Amino acid sequence: MTNENKRFSIRIKMYIFVTLTVFAVAAGTAMIAFNTSVNRINAYYKQCASDNAKNVAYFIDGDFLAELKAVVEEENFQKIRAKAAEDNDDALIKEYLREKGLWERFCSTRDYISAYMGNIKDMKYIYVVARDNEETAKDMYLISDDSSPLFKIGYCEEREEESQEMDLNDLSEPNISKGDWGWLCSDFEPVYDSKGECLCFVGCDFGMDDVMKARNRLRIYLVLGSLGFVAVVLTGAVLFINKLLIRPLGAMTREIKKFKPSEHLSYEEAGVIDLDIDRNDEIGEIYRCIRHMEIDTIDKLNDLYSLQADKLKAEADIKAQQQQIGQLSIETYKDALTGVGNKAAYIKKTEDFTAEYPKEFAIVMVDMNNLKRINDEYGHKSGDHYIKGCCRMICEAYKHSPVYRIGGDEFLVLLQGTDYQNRRSIFEQVKKVFEESYSHTEADPWERFSAAVGMAEKASDDMTLDFVFKRADKAMYENKTEFKKKYGSYR
Numbered sequence: 001m002t003n004e005n006k007r008f009s010i011r012i013k014m015y016i017f018v019t020l021t022v023f024a025v026a027a028g029t030a031m032i033a034f035n036t037s038v039n040r041i042n043a044y045y046k047q048c049a050s051d052n053a054k055n056v057a058y059f060i061d062g063d064f065l066a067e068l069k070a071v072v073e074e075e076n077f078q079k080i081r082a083k084a085a086e087d088n089d090d091a092l093i094k095e096y097l098r099e100k101g102l103w104e105r106f107c108s109t110r111d112y113i114s115a116y117m118g119n120i121k122d123m124k125y126i127y128v129v130a131r132d133n134e135e136t137a138k139d140m141y142l143i144s145d146d147s148s149p150l151f152k153i154g155y156c157e158e159r160e161e162e163s164q165e166m167d168l169n170d171l172s173e174p175n176i177s178k179g180d181w182g183w184l185c186s187d188f189e190p191v192y193d194s195k196g197e198c199l200c201f202v203g204c205d206f207g208m209d210d211v212m213k214a215r216n217r218l219r220i221y222l223v224l225g226s227l228g229f230v231a232v233v234l235t236g237a238v239l240f241i242n243k244l245l246i247r248p249l250g251a252m253t254r255e256i257k258k259f260k261p262s263e264h265l266s267y268e269e270a271g272v273i274d275l276d277i278d279r280n281d282e283i284g285e286i287y288r289c290i291r292h293m294e295i296d297t298i299d300k301l302n303d304l305y306s307l308q309a310d311k312l313k314a315e316a317d318i319k320a321q322q323q324q325i326g327q328l329s330i331e332t333y334k335d336a337l338t339g340v341g342n343k344a345a346y347i348k349k350t351e352d353f354t355a356e357y358p359k360e361f362a363i364v365m366v367d368m369n370n371l372k373r374i375n376d377e378y379g380h381k382s383g384d385h386y387i388k389g390c391c392r393m394i395c396e397a398y399k400h401s402p403v404y405r406i407g408g409d410e411f412l413v414l415l416q417g418t419d420y421q422n423r424r425s426i427f428e429q430v431k432k433v434f435e436e437s438y439s440h441t442e443a444d445p446w447e448r449f450s451a452a453v454g455m456a457e458k459a460s461d462d463m464t465l466d467f468v469f470k471r472a473d474k475a476m477y478e479n480k481t482e483f484k485k486k487y488g489s490y491r
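The sequence shown begins at 1 in the UniProt record's numbering and counts up by one.
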């Protein structure tokens, strides 16, 4: 298999990137829209369940419910209820409640619940439930709407899971769940008697089966809409990318492969790239650079091969000598340890300043702290590491200014240009960086880089660079004195 077949082209990468981006945006948008709709609808039904449960609980007579609960818990009533349920005959229950003087109030309460349900859309159940006892974890139904048979009064069933540990005085928030009766939004509110005691609670259920079906349809519509959006956007993106990027890059790649430079050939014979690309963007710039480079290559080849062999050799020798001289010149002014300018380089710079004294500049003097201690206690190898570390921090701060090592532990920075314009903020940053480095007491001593720094700016009456140098040096020693007062002196 060739390298051509193995190549993972930029076209594939762009298609993958755009596809993933569009899918992510579409999926995220659909998810946000769906969740927003779901949360709003859920909140609406929960609020409805809560409000209506509170209304019914407020208007129901708690004292009557206490009497009714006491009656239906009697063994005699439970026998009658069982007989009525067996015969499907509510007359026995009706007669018993009438004998106990509860029938009229029962009917009034049941009619209120039935009428209330009839006036509220989507309300499925309203019922009054009492706790049978805490040990059995059962609930006893007391009153429901008029569609429920009378023999359901006093009927006990296992307590619903969401109300297993529910305290009648501290009922849980409305919840949405699916059970034997379908999707319901339910809430429970306590009913109090005149003594302030809570013996039962009102349950209010809103049917949400239609809502859930509509929610599933919405999910499907969002998915289909997202897929349609993705298809449209991807089609446009692919066409745009092909026109803007893929086609010109492909054309340039094919033309570059045709370039075969050799001596005594014309541009056309050598296969110099020649496409109809006249764009003022990166693609146009790349095309022009490639074309100029190929043209320059052909021109240079023709020039080189037009010269005699001995002249080529002489030019090569001269070039080699010049490179050696240039390398020696660089090494003469370069500090061997740190790579910055040495004292000779600084002296040469002062001579240049004498010839052409600039209008504005500043000097920063840096003197490393504790270098002697590190050399004495940990050796000169650690000391060299310490020097290079301090120098690196200086160079990172002053990226646009020359740095010179003018002594064993002394550095000088000559600020001009942007570093001079931002001299104060950079100077404060340098002090802060050295203070933070020295504060790392857990690090090795040769890793806790510290230095005293001082800065001075050229004044209008300064005639030479030496005036500025002395003020910067004085400021640096003042900073070093502060360091010694704070941390003590090694000597």
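Backbone N, C-alpha and C define an ideal beta-carbon position, used for all residues, glycine too. Since the structure is predicted, the reported quantities are computational estimates derived from the model, not experimental observations.
Chain-order list of residues whose beta-carbon lies under 8 Å from that of residue i (same chain, five-residue window excluded)
| i | result |
| --- | --- |
| residue 371 | 383, 386, 387, 408 and 409 |
| residue 93 | 80, 81, 84, 150, 151 and 153 |
| residue 262 | 270 and 301 |
| residue 194 | 62 and 63 |
| residue 43 | none |
| residue 140 | 69, 72, 73, 129, 130, 131, 132, 154, 155 and 156 |
| residue 334 | 340, 341, 342 and 345 |
| residue 328 | Note that residue 328 scores a pLDDT of 42, beneath 50, so its modelled location is shaky; the value from the coordinates is reported in the next line. Cβ within range, chain order: n/a, list empty. |
| residue 377 | 445 |
| residue 417 | 400 and 401 |
For residue i, the nearest candidate out of the options (CA to CA)
| i | options | result |
| --- | --- | --- |
| residue 354 | 463, 195, 20 and 185 | 463 |
| residue 69 | 142, 375, 184 and 427 | 142 |
| residue 457 | 430, 361 and 400 | 361 |
| residue 343 | 402, 295 and 359 | 402 |
| residue 52 | 482, 116, 178 and 468 | 116 |
| residue 233 | 191, 57, 189 and 15 | 15 |
| residue 351 | 366, 380 and 465 | 465 |
| residue 218 | 485, 416 and 32 | 32 |
| residue 57 | 259, 188 and 18 | 188 |
| residue 238 | 444, 468, 12 and 469 | 12 |
| residue 20 | 231, 429, 50 and 95 | 231 |
| residue 365 | 109, 460, 473 and 193 | 473 |
| residue 144 | 112, 120 and 122 | 112 |
| residue 467 | 482, 357 and 440 | 357 |
| residue 222 | 18, 484, 459 and 23 | 23 |
Pair within 9 Å by beta-carbon distance, residue i and residue j
| i | j | result |
| --- | --- | --- |
| residue 488 | residue 446 | no |
| residue 345 | residue 404 | yes |
| residue 30 | residue 225 | yes |
| residue 426 | residue 398 | yes |
| residue 395 | residue 340 | yes |
| residue 46 | residue 216 | no |
| residue 295 | residue 252 | no |
| residue 126 | residue 228 | no |
| residue 146 | residue 114 | yes |
| residue 278 | residue 284 | yes |
| residue 158 | residue 178 | no |
| residue 367 | residue 411 | yes |
Contacts around residue i, its chain only, beta-carbon distance under 6 Å, and the 5 residues preceding and following it disregarded
| i | result |
| --- | --- |
| residue 124 | 205 and 207 |
| residue 338 | 388, 391 and 405 |
| residue 438 | 448 and 450 |
| residue 423 | 362 and 415 |
| residue 471 | 456 |
Beta-carbon contacts of residue i that lie in its chain and below 7 Å, excluding the five residues immediately before and after
| i | result |
| --- | --- |
| residue 10 | 249 |
| residue 332 | 344 |
| residue 298 | 261, 265, 267, 270 and 272 |
| residue 102 | 67, 68 and 71 |
| residue 97 | 103 and 106 |
| residue 88 | none |
| residue 429 | 397 |
Any non-hydrogen atom of the ligand GDP closer than 8 Å to residue i Cβ
| i | result |
| --- | --- |
| residue 89 | The ligand GDP is not part of the structure shown, which contains no ligands of any sort. |
Enumerate, from N- to C-terminal direction, the unbroken alpha helix (DSSP H) stretches of 4 or more residues contained entirely within the UniProt domain "GGDEF" (359-491).
371-378, 380-397, 417-421, 423-439 and 465-487
Mind the definition here: the region 71-88 touches the region 149-159 only if three or more C-beta pairs lie below 8 Å; say whether that holds.
yes
Quick check: the region 476-487 against the region 447-460, are at least 3 beta-carbon pairs closer than 8 Å?
yes
For the region 250-306, which segments carrying the alpha helix (DSSP H) assignment without a break, of at least 4 residues, lie completely within its bounds, in sequence order?
267-270 and 282-306
How about the region 208-215 and the region 175-183: do they share at least three Cβ pairs that are nearer than 8 Å?
yes
Would you mind listing the alpha helix (DSSP H) stretches within the region 96-126 that are 4+ residues and don't spill past its ends, in chain order?
103-119
Can you confirm whether the region 192-199 touches the region 54-70 when touching is taken to mean that 3 or more C-beta pairs between the two stretches lie within less than 8 Å?
yes
Report yes or no: do the region 31-39 and the region 231-247 share at least 3 C-beta pairs separated by less than 8 Å?
no
Segments of 3+ residues assigned as beta strand (DSSP E) that fall wholly inside the region 57-86:
none
Taking only runs of the alpha helix (DSSP H) that begin and end inside the region 172-256, which ones reach a length of at least 4 residues, in chain order?
209-241
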